[in-house]
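Numbering (my numbering), first residue to last: 474 to 651.
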């Protein structure tokens, strides 16, 4: 049996934006030494039930991306209000602040330091992971049913679930594959 594993590794705009919002929220209760990127003080992020709301949105976004990878860009660009509705307080001031946060993320994400750096950060590790998975499947004569998609995020996601779909994984570039 030959290698039939197909694996796509891609930095997800929607999931990285969720990590970005998560870090803004978590920074509110951290000391200066523990801050994570970005440090943006916000008084409009929902404090009550943020973690529950975040997990629900995280799972929904992962489910949609795992169904079709093109949903990632659709969610981030065409449904950007979804993040505001679920994770921020209602009101004009909140919407203005959210719009600034969304724009700040887009500027960073589309810069050399954003998506490109995230994808390149684990280039060699992802090749190694692919070889190991392909060898494992070949040795056990297991044929994958569909393509394995790996969504890369720039930081850890303590508020998000790790396992949502059998053919979709989320990996932080801060975590080693070894």
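Even for Gly, the Cβ is constructed at its ideal location relative to N, Cα and C.
- Message: Taking its Cβ as the centre, do 16 or more other Cβ atoms sit within 10 Å of residue 635, making it buried, or is it exposed?
- Response: Residue 635 sits at position 162 when you count from the first residue of the chain shown. Classification of residue 635: exposed, given that the 10 Å Cβ count is below 16.
- Look at the Cβ atom of residue 491, then the Cβ atom of residue 633, and state whether they are nearer than 8 Å. Against the chain shown, residue 491 aligns to sequence position 18. Against the chain shown, residue 633 aligns to sequence position 160. In contact: residue 491 and residue 633 (Cβ atoms closer than 8 Å).
- Beta-carbon proximity list for residue 513, same chain, < 6 Å, skipping 5 on both sides: The sequence position of residue 513 within the chain shown is 40, counting from 1. Hits under 6 Å: 497.
- Own chain, CB closer than 7 Å to residue 655, minus 5 neighbours either side, in chain order: No information on residue 655 is available, as it lies outside the stretch 474 to 651 that the chain covers here.
- Message: How far does the alpha helix (DSSP H) with residue 539 in it extend, from its first residue to its last?
- Response: Here residue 539 corresponds to residue number 66 of the chain shown, with the count starting at 1. Taken as a continuous stretch (DSSP letters only), the alpha helix (DSSP H) holding residue 539 covers 523 to 540.
- Message: Whole angstroms are fine: how far does the CA of residue 532 sit from the CA of residue 577?
- Response: Along the chain shown, read from residue 1 onward, the residue named residue 577 stands at position 104. Along the chain shown, read from residue 1 onward, the residue named residue 532 stands at position 59. About 24 Å.
- Item | Start-end ranges of the beta strand (DSSP E) lying completely within the segment 593 to 643, minimum 3 residues | Fully enclosed beta strand (DSSP E) runs of 3 or longer: 621 to 626.
- Query: Between residue 510 and residue 588, what straight-line distance do the alpha-carbon atoms span, to the nearest angstrom?
  - Reply: Position 37 of the chain shown, counted from the first residue, corresponds to residue 510. Position 115 of the chain shown, counted from the first residue, corresponds to residue 588. For residue 510 and residue 588, the distance between alpha carbons rounds to 14 Å.
- Between the Cα of residue 519 and the Cα atoms of 560, 586, 621, 504, which residue gives the shortest distance? For the purposes of this step, residue 519 is taken as the residue at position 46 of the chain shown. Minimum Cα distance to residue 519 is reached at 560.
- In or out: residue 521 buried (at least 16 other Cβ within 10 Å) or exposed? Here residue 521 is taken as the residue at index 48 of the chain shown, counted from 1. Per the 10 Å Cβ criterion, exposed.
- Query: Residues in its own chain within less than 7 Å of residue 651 by CB, not counting five upstream and five downstream?
  - Reply: On the chain shown, position 178 is the one that residue 651 refers to. Model confidence at residue 651 stands at a pLDDT of 48, short of 50, so the residue's coordinates are unreliable and nothing is read from them.
- Message: Could you compute how far the alpha carbon of residue 558 sits from the alpha carbon of residue 641?
- Response: Sequence index remark: in the chain shown, residue 558 carries index 85 (1-based). Sequence index remark: in the chain shown, residue 641 carries index 168 (1-based). Rounded to the nearest angstrom, the two C-alpha atoms are 26 Å apart.
- Counting pairs of beta carbons, one from the segment 542 to 550 and one from the segment 597 to 616, are three or more of them closer than 8 Å? No, they do not touch.
- Query: Among all the DSSP beta bridges, which residues are the ones paired with residue 507?
  - Reply: Residue 507 sits at position 34 when you count from the first residue of the chain shown. Residue 507 has no beta-bridge partner at all, per DSSP.
- Which residues does DSSP pair with residue 645 in a beta bridge? Translated into the one-based positions of the chain shown, residue 645 becomes position 172. Residue 645 is bridged by DSSP to 626.
- Query: Helix, strand or coil for residue 570 per DSSP?
  - Reply: The residue given as residue 570 occupies position 97 in the chain shown. The answer is helix: DSSP assigns residue 570 an H, G or I state.
- Message: Helix, strand or coil for residue 513? Go by DSSP, reduced to three states.
- Response: Against the chain shown, residue 513 aligns to sequence position 40. Three-state result, residue 513: coil.
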